[in-house]
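Student:
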Amino acid sequence: MRVLFTVSDWSAHYAPMVPLGWALQAAGHAVRVLCTPAQAEPVSRAGLTPVPLMGGLDMVTQTRLLYFWDAQAGRRPYPGLPLHPVTGEELASLDDFDFPAWARENKREIATAVKGNYEGTLDFARRWGADLVVHDPLAVEGLLAAKVTGVPAVLHAWGPVGTDEEEPALRLLPEDPAGFFPRHGVGELGPDLIEYVVDPCPESLRLPTRARRLPVRYTPYNGPGAMPAWVLEPPARPRVCVIWGNSLTRMFGPRSFLVPEIVAALGGLDVEVVLTGTPQDIAALGELPANVRAFERFPLQFLLPACSAVVHHGGAGCAMTSVAAGVPQLALTFAAEQQANGTRVAAAGAGLHLRGDLADRNTVRALVRRLLDEPSFAKSARHLREENRARPTQAALVGELERLAADRTAGRTDGRAAA
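Residue numbers (the working numbering): 642 to 1060.
(1) Would the beta-carbon of proline 946 fall within 8 Å of that of leucine 926?
(2) Three-state secondary structure (DSSP) at leucine 1012?
(3) Glycine 669 to threonine 850, Cα distance in whole Å?
(4) Under a three-way DSSP split, which group does proline 691 fall into?
(5) Looking only at its chain, what residues have a beta carbon closer than 7 Å to the beta carbon of asparagine 887, apart from the 5 residues adjacent to it on each side?
(6) Apart from the five residues just before and just after arginine 1002, which ones in its own chain have a Cβ nearer than 7 Å to its Cβ?
(7) Would you tell me roughly how many angstroms separate the C-alpha atoms of glutamine 1035 and proline 841, rounded to the nearest one?
(8) Assign serine 1083 to buried or exposed, taking buried as 16 or more other Cβ atoms, counted over all protein chains shown, within 10 Å of its Cβ.
(9) With 16 as the cutoff for other CB atoms within 10 Å, does threonine 728 come out buried or exposed?
(10) Can you give me the C-alpha to C-alpha distance between leucine 834 and histidine 797, rounded to a whole angstrom?
(11) Along the chain, where does the alpha helix (DSSP H) that runs through proline 615 open and close?
(12) Relative to the C-alpha of valine 964, which residue among Val781, Glu836, Val951 is closest?
(13) Do alanine 819 and valine 912 have their beta-carbon atoms positioned less than 8 Å apart in this structure?
(14) For the alpha helix (DSSP H) containing glutamate 836, name the first residue and the last one.
(15) Could you tell me the alpha carbon to alpha carbon distance between methionine 695 and leucine 811, rounded to whole angstroms?
(16) Mark proline 726 as exposed unless 16 or more other C-beta atoms lie within 10 angstroms of its C-beta, in which case mark it buried.
(17) Would you please state the rounded distance, in angstroms, between the beta carbons of asparagine 863 and glycine 983? I believe it to be under 8 Å.
(18) According to DSSP, is cysteine 959 helix, strand or coil?
(19) Consider the Cβ of threonine 677: report whether some Cβ of chain B lies at a distance smaller than 8 Å.
(20) Note the first and the last residue of the continuous alpha helix (DSSP H) segment covering glutamate 978.
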């Protein structure tokens, strides 16, 4: 079987798909990952084969444009102004960026890139003879290619935000203003086109979708890295992990870099703090309290099992890796999806959530104390871990995908039988 992955220009979006890619390859299937050139090296380091033919605006610029648009429409949920969508500098006024003028100047270039992504993906799927397509919620080029060629398309969710969300800010499927989907005769792009969803969430975090659900165990992949032996040694006092999003300040500005406040909050507690981040973020902290150790780009799945709590920005990778490890979590969030991750974990009893703009060291210290002192959080976190462990493995999911591809063989339009 030939399986085509299409992924967006953000490694955190496709990291949950990596273990499925391994399982498919271990079962003897061929996997190719259509991505942007920027993602080719991370995909290769993950042990998968990239096909870097995608282009267009980078994800940070796209996200800043969206936040600027929301602010202009009066939908910004936080105080202050968004960043300049192009430069990333702080704006003094919304009038400092002329959105219509920018759109006019870049319309042709963006349209050409989007068209190239759709046509390039469809062409590759036909020439390679893909039997099945797996795509993340944003990389719908694979969805179009699958619909046109008559093979199954499977959306792989990355966390508890699903394909049928009531809140507009949580509707992850991109829009199709140029009408590529109806132009190819497959209908309008929207939740109704999604037939299958790989759901990596425990039952207590069940994501909303009307598609057929393909349950799978969340298996963390946070990038390659070495595992030091000391992580297996029981800590002498509660160990608290702190991890922050690599791109958060590029989307929300320096106000979103809460690590100094978090470190100051935890420096006054009788805990061992392990901080992982980029070299730049660690250097910006200066001298650390005696109970804080910092490591560059430490794979989270190695660190969390011996932790008593974790503080993070609410990203799906952090939240779900914490779920898999059974660790209570404090999410300090800025984006709508991060807020949903934090509130849904909190609703399951396995953590606490606070909007990032409301966080200060005293509040953070009090919330971490609650995670450590109130047994219900650890109990609920362990319950989520056991729910996750009870779900089918990626190897079991491969069998489901094989059956989907076999059932759809008669409908394909490229003249190939399923391998």
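Cβ coordinates follow ideal geometry from the N, Cα and C atoms, glycine included.
Keep in mind that this is a model prediction, so the values were computed, not measured.
Tutor: With the given structure in hand:
(1) Residue mapping note: residue 946 aligns to position 305 of the sequence shown, counting from 1. Residue mapping note: residue 926 aligns to position 285 of the sequence shown, counting from 1. Against a cut-off of 8 Å, the Cβ pair of leucine 926 and proline 946 comes out as no contact.
(2) For the purposes of this step, residue 1012 is taken as residue 371 along the sequence shown, with counting starting at 1. Three-state DSSP puts leucine 1012 in a helix.
(3) As a working mapping, residue 669 is identified with position 28 in the sequence shown. As a working mapping, residue 850 is identified with position 209 in the sequence shown. Approximately 31 Å, taken between the alpha carbons.
(4) For the purposes of this step, residue 691 is taken as the residue at position 50 of the sequence shown. Strand at proline 691.
(5) Taking the first residue of the sequence shown as position 1, residue 887 is located at position 246. Within the same chain, asparagine 887 has close Cβ partners Thr919.
(6) Along the sequence shown, read from residue 1 onward, the residue named residue 1002 stands at position 361. Closer than 7 Å at Cβ, skipping near neighbours: Glu902, Ala905, Ala906.
(7) Translated into the one-based positions of the sequence shown, residue 1035 becomes position 394. Translated into the one-based positions of the sequence shown, residue 841 becomes position 200. Note on geometry: alpha-carbon atoms of glutamine 1035 and proline 841 lie some 10 Å from one another.
(8) Outside the displayed range of the chain (642 to 1060) lies residue 1083, so it cannot be described from this structure.
(9) Taking the sequence shown and counting its residues from 1, the one referred to as residue 728 is at position 87. Counting C-beta atoms within 10 angstroms of its own C-beta, threonine 728 has fewer than 16 neighbours from the protein chains shown and is therefore classed as exposed.
(10) Within the sequence shown, numbered from 1, the residue matching residue 834 stands at position 193. Within the sequence shown, numbered from 1, the residue matching residue 797 stands at position 156. Rounded to whole angstroms, leucine 834 to histidine 797 spans 14 Å at the Cα level.
(11) As displayed, the chain neither begins before 642 nor continues past 1060, which places residue 615 out of reach and without an answer.
(12) Indexing the sequence shown from 1 puts residue 964 at position 323. Looking at the Cα atoms, Val951 is the closest of the given residues.
(13) Here residue 912 refers to the residue found at position 271 of the sequence shown. Here residue 819 refers to the residue found at position 178 of the sequence shown. Contact annotation: valine 912 and alanine 819 have beta-carbon atoms that are not nearer than 8 Å.
(14) Here residue 836 refers to the residue found at position 195 of the sequence shown. Following the DSSP letters along the chain, one finds glutamate 836 in no alpha helix (DSSP H), marked with neither H nor E.
(15) Looking up residue 695 in the sequence shown gives position 54. Looking up residue 811 in the sequence shown gives position 170. Roughly 24 Å between the two C-alpha positions.
(16) The residue you call residue 726 lines up with position 85 of the sequence shown. Label assigned to proline 726: buried.
(17) Reading the sequence shown from its first residue, position 222 is the one you call residue 863. Reading the sequence shown from its first residue, position 342 is the one you call residue 983. 18 Å between Cβ atoms; not a contact.
(18) Taking the sequence shown and counting its residues from 1, one reaches residue 959 at position 318. Residue state for cysteine 959 is assigned as helix, using DSSP reduced to three classes.
(19) You won't find chain B in this structure, because it holds only one protein chain.
(20) Working through the sequence shown from its first residue, we reach residue 978 at position 337. 977-988 is the span of the alpha helix (DSSP H), which, as asked, contains glutamate 978.
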